[in-house]
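Each residue of the sequence shown is one higher than the one before, counting from 493 in the numbering used here.
The beta carbon of each residue, even a glycine, is placed where N, CA and C say it ideally should be.
Note sheet for the following structure.
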Amino acid sequence: MDEVAVKGRHRIHVRDNDGDPDEAILEIRYRKIRVLPPIGKQLYPALTLTAIHAEERVTPKKRKN
Numbered sequence: 493m494d495e496v497a498v499k500g501r502h503r504i505h506v507r508d509n510d511g512d513p514d515e516a517i518l519e520i521r522y523r524k525i526r527v528l529p530p531i532g533k534q535l536y537p538a539l540t541l542t543a544i545h546a547e548e549r550v551t552p553k554k555r556k557n
């Protein structure tokens, strides 16, 4: 998903390593992918799926990944 541009950002509330409230800003990327049926199962149709990837670019030092 690295080649897909960031489509938006989302702010969520999390807890740091000490249990204190913290905030994370996630970068959201998504794209449609086409999944073909396995060989020998060609009677099934191809599926069009949407893959969603959310990643925190910078993790604060007070919190583990």
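For residue i, which of helix, strand or coil comes out of DSSP?
i      : result
LEU528 : coil
HIS521 : Note that residue 521 corresponds to Arg in the displayed sequence, not to His. ARG521: strand per DSSP, three-state reduction.
ASP514 : strand
THR542 : strand
GLU495 : coil
Give me the Cα-Cα distance between residue i and residue j, rounded to the nearest whole angstrom.
i      : j      : result
MET493 : ASP510 : 32 angstroms
ILE520 : ARG549 : 10 angstroms
VAL506 : LYS553 : 14 angstroms
LYS533 : ARG523 : 25 angstroms
ILE517 : ARG555 : 13 angstroms
LEU528 : ASP512 : 46 angstroms
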